[in-house]
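What follows is a set of notes on a single structure, which appears directly below.
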Amino acid sequence: MVINMRQTFRRNVRPDSELGFTLIELLVVLSIVALLLSISVPKYFHSLDYSKEVILKENLRVVRKTIDQYYADTGHYPDDLDELVSKKYLRALPFDPITSSAATWILIAPEDVKSGKLFDLHSGASGATHDGVAFGQL
């Protein structure tokens, strides 16, 4: 009994109609993926913007609390943010997540100039939060 190799291979191969996906099937899958992306991508970018706002508010809260603690300890306000770092009140300069920089803070001096130069700080970013409040007013 001689086995023909072609018959053996043809028996194991699927018919031509079942070899792969049709163009219609691929287009349907791609359209479903595009629909899902069109729904999820705007929500993703909105959540990124919102998280930057939350980080900005938290950074401002921490630095303001640190400035108050510095004043309570020394009796005067610091001259700049670097002084808070050098005296170990802060581990590092906080960054503004909106501008992605630690150099864009707007420093507000106290009314009594003799008591230091840094009373408060605001973000130097342009624009507004999702609530409509300008970043510089936070």
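Heads up: take any position in the sequence shown, counting from 1, add 1, and you land on this note's numbering.
Backbone N, C-alpha and C define an ideal beta-carbon position, used for all residues, glycine too.
In this text the structure is predicted, and so the values were computed from the model without any measurement.
Opening and closing residue of the beta strand (DSSP E) in which residue i lies
i	result
residue 123	121-123
Residue i and residue j closer than 8 Å at C-beta
i	j	result
residue 98	residue 57	yes
residue 109	residue 125	no
residue 119	residue 69	no
residue 86	residue 122	no
Limits of the alpha helix (DSSP H) - the one that residue i falls within
i	result
residue 108	That residue, residue 108, is in no alpha helix (DSSP H); its beta strand (DSSP E) goes 107-109.
residue 53	24-75
For residue i: DSSP bridge partner residues
i	result
residue 80	Paired residues: none, contrary to the question.
residue 97	102
residue 135	129
Practice problem: State whether the region 39-58 contacts the region 75-94, with contact taken as three or more CB pairs (one from each stretch) at a distance under 8 Å. | Solution: no
Quiz item: Are the region 85-96 and the region 50-66 touching by the rule of at least three beta carbon pairs closer than 8 Å?
Solution: yes
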